[in-house]
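Residue numbers (our numbering): 817 to 953.
Here the structure is laid out as structure tokens; the discussion comes afterwards.
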């Protein structure tokens with residue numbers, strides 16, 4: 817199974833996370849505009865990635881009819897449902913620069929929870945899920 821497209825998505829998503837973090841470190845209130853733009857850019861990349869996974873990757877995995885990989889895939893897919901909802905809420909809450917500027921501490925707390933979870937999820941996929949898919953191909 818060729819998962820290079822999904823791995824490339826991960827690189828792009830991690831780059832956007834890094835960009836948002838860099839703006840945050842420079843000052844949340846002072847860089848609220850850049851942060852909100854980075855959030856919307858990140859949202860676009862994550863949305864594309866999830867849609868492609870759900871329409872292309874997961875159906876291909878389930879077509880393999882490998883019980884071990886199917887179980888692993890279901891676990892990752894189920895876990896992502898909750899994270900996707902949390903990420904969507906994060907993006908909705910912080911998409912406006914004004915919201916970020918008016919509550920820098922709230923933004924930091926949310927980002928430290930949601931964006932950290934997204935980052936960790938990508939790392940787990942890269943280290944545990946994708947290598948297993950490559951082996952199965």
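Where a beta carbon is used, it is the ideal one built from N, C-alpha and C, also for glycine.
What you are looking at is a predicted structure, and each value in this text was computed from that prediction instead of being measured.
Between which residues of its own chain and residue i is the CB-CB distance below 6 Å, once the five residues before and five after are set aside?
i, result
"residue 946", "819"
"residue 835", "854"
"residue 848", "913, 916, 917"
"residue 858", "832"
"residue 926", "906"
Out of the options, which one is the CA nearest neighbour of residue i?
i, options, result
"residue 915", "844, 826, 938", "844"
"residue 837", "940, 942, 941, 932", "932"
"residue 872", "939, 817, 934", "817"
"residue 863", "896, 884, 939, 846", "896"
"residue 865", "821, 944, 939, 886", "821"
According to the Cβ coordinates, are residue i and residue j closer than 8 Å?
i, j, result
"residue 839", "residue 829", "no"
"residue 952", "residue 882", "yes"
"residue 889", "residue 878", "yes"
Please report how far the alpha carbon of residue i lies from the alpha carbon of residue j, in whole angstroms.
i, j, result
"residue 899", "residue 861", "15 Å"
"residue 841", "residue 924", "10 Å"
"residue 921", "residue 910", "12 Å"
"residue 906", "residue 918", "15 Å"
"residue 876", "residue 929", "32 Å"
"residue 891", "residue 870", "14 Å"
"residue 948", "residue 856", "31 Å"
"residue 937", "residue 904", "15 Å"
"residue 1013", "residue 846", "For residue 1013 there is no data in the structure shown, the boundaries of the chain being 817 and 953."
"residue 950", "residue 908", "35 Å"
"residue 826", "residue 874", "16 Å"
"residue 940", "residue 887", "16 Å"
"residue 901", "residue 944", "23 Å"
Between residue i and the rest of its own chain, which residues show a CB-CB distance below 8 Å, the 5 nearest in sequence each way excluded?
i, result
"residue 823", "942, 946"
"residue 935", "830, 833"
If we define contact as Cβ-Cβ less than 8 Å, is residue i a contact residue for chain B?
i, result
"residue 944", "In summary, chain B is missing from the structure at hand, where a single protein chain is found."
To test your reading of the DSSP string, which unbroken alpha helix (DSSP H) runs of 4 or more residues are found completely within the segment 913-951? 913-918, 920-940
Quick check for students: name the residue ranges of the alpha helix (DSSP H) that lie wholly in the segment 864-912, counting only runs of 4 or more. 874-879, 883-910
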